[in-house]
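Numbering-wise, the sequence shown is residues 134 to 277 according to the numbering used here.
Report on the structure given below.
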Amino acid sequence: MSYFSFEDLDVWKRGCRVAVEICSLLRDSREWGLRDQMIRAAISISSNIAEGAERSTPRDFARFLDVARGSAAELRTQLYIAVRAEMVSDQAANSLIMELKEISSMLYSLSQQQRAKVKEEDPSHFTLNTSHSPDTSHSAAEPR
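Structure below.
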């Protein structure tokens, strides 16, 4: 089995490019709070992809991909706010928002692939265990 490297993932590369674009776009902004939060969210996308890819299980990888997707949504929201605050032009924001939507879609697909691997490895994890009935012999007020 060959070693898988997160650096080979197109979604990781695209996330890195977005982070660099955000850093460049906001370099001269004096809105420190929003600027710093946007940069952190942008960096978080590719960072979580990398961290998840280096984990030992597909379940962990899927969880980090979901976090990366959340960071992409966070950054999209911040771009909408930055346009209204006149920190970023409509054109720059729209281009980044389109890219972030594509990245989110890629992350979702990759996360689903990882979850499918988990199902293959342990199908019982995804089934509801109905063999045990709840203990109804005690009222909620009584200690057990």
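Where is the CB? At the ideal position from N, CA and C, for every residue including glycine.
Computed from a prediction, not measured in an experiment: that's the story for all the values here.
With burial defined as no fewer than 16 other Cβ atoms inside 10 Å of the residue's Cβ, what is the status of residue i: buried or exposed?
{"i": "N181", "result": "buried"}
{"i": "F194", "result": "buried"}
{"i": "S179", "result": "buried"}
{"i": "E140", "result": "exposed"}
{"i": "Q247", "result": "buried"}
{"i": "V153", "result": "exposed"}
{"i": "W145", "result": "buried"}
{"i": "F228", "result": "This sequence places Ser at residue 228; Phe is not what is there. S228 should be labelled exposed."}
{"i": "S204", "result": "buried"}
{"i": "A215", "result": "buried"}
Are the beta-carbon atoms of residue i and residue j separated by less than 8 Å?
{"i": "A206", "j": "S237", "result": "yes"}
{"i": "A225", "j": "L167", "result": "no"}
{"i": "R209", "j": "I176", "result": "no"}
{"i": "A183", "j": "L240", "result": "no"}
{"i": "R173", "j": "E232", "result": "no"}
{"i": "K191", "j": "V251", "result": "For the record, residue 191 in the displayed sequence is Pro; it is not Lys. Contact: yes."}
{"i": "L243", "j": "L198", "result": "yes"}
Would residue i pass as an interface residue toward chain B - the criterion being a Cβ-Cβ separation below 8 Å?
{"i": "S157", "result": "Here chain B cannot be found, since the structure has a single protein chain."}
Which runs of the beta strand (DSSP E) fall wholly inside the stretch 141 to 192 and span at least 3 residues, in chain order? none
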